[in-house]
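All remarks here apply to the structure that follows.
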């Protein structure tokens, strides 16, 4: 550029625009990758939370149980726990906690806990969603097997394309009468 001329040459403008296009393209690709990674991470964490929540509740009941039934149950019932406790007047209170599936679609549904007691407690609690139960898929499905004194529990959650499988081995507490 000469001393008295003002402005930029065509080549300078083309170079500047080219650099801006490259930087903008790189930035947009980075933003896309970050948002895609965040979405995948959220999906995975949702699957993990569902399995952990179901595991927490089932472990809690299994440790108190005096009897555990995993066999000869018909859907939607998945697990049955029974136990006895004593109140302040040394009266027995009988408890039963049933875990059942609700709304199974393509093997994915909700896991609910129904707790009943002789003291009048009748509670139904949604334990987890996106729980996978498909007996035709024995490797990946949610399943339970009780060989006294250990309950082996495999919980599977499927959220979109993400699958999370956890296995629990729960030993119930000894009963002291």
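Numbering (the numbering used here), first residue to last: 6 to 182.
Backbone N, C-alpha and C fix where the C-beta goes; we use that ideal spot for every residue, glycine too.
- With contacts defined by Cβ atoms closer than 8 angstroms, residue 106 and residue 143 do not form a contacting pair.
- Around the beta carbon of residue 83, 16 or more other beta carbons sit within 10 angstroms, so the residue counts as buried.
- The C-alpha of residue 33 lies about 15 angstroms from the C-alpha of residue 23.
- Counting along the chain, residue 65 sits inside the alpha helix (DSSP H) bounded by residues 15-69.
- Sixteen is the threshold: since fewer than 16 other Cβ atoms of the shown chains lie within 10 Å of the Cβ of residue 13, the residue is exposed.
- Straight-line spacing of the CA atoms in residue 89 and residue 135 works out to 32 angstroms.
- Cβ-Cβ distances below 7 angstroms link residue 147 to 136, 137, 138, 159, 160 and 161 in the same chain, with the five nearest sequence neighbours on each side left out; the list follows chain order.
- The C-beta separation of residue 56 from residue 172 comes to about 10 angstroms, leaving the pair out of contact by the 8 angstroms criterion.
- Residue 85 holds the alpha-carbon nearest to the alpha-carbon of residue 104 among 98, 85 and 93.
- Note on residue 177: 16 or more other CB atoms within 10 angstroms of its CB, so buried under the neighbour-count rule.
- Relative to residue 59, the option among 153, 130 and 141 whose CA is nearest is 130.
- Here the alpha carbon of residue 87 sits roughly 16 angstroms from the alpha carbon of residue 117.
- Judged by DSSP secondary structure, residue 107 falls within the beta strand (DSSP E) whose first and last residues are 97-110.
- Counting other Cβ atoms within 10 Å of its Cβ, residue 164 reaches 16 or more and is therefore classed as buried.
- According to the DSSP assignment, residue 121 belongs to the beta strand (DSSP E) that extends over 113-122.
- In the three-state DSSP reduction, residue 144 falls in the coil class, being neither helix nor strand.
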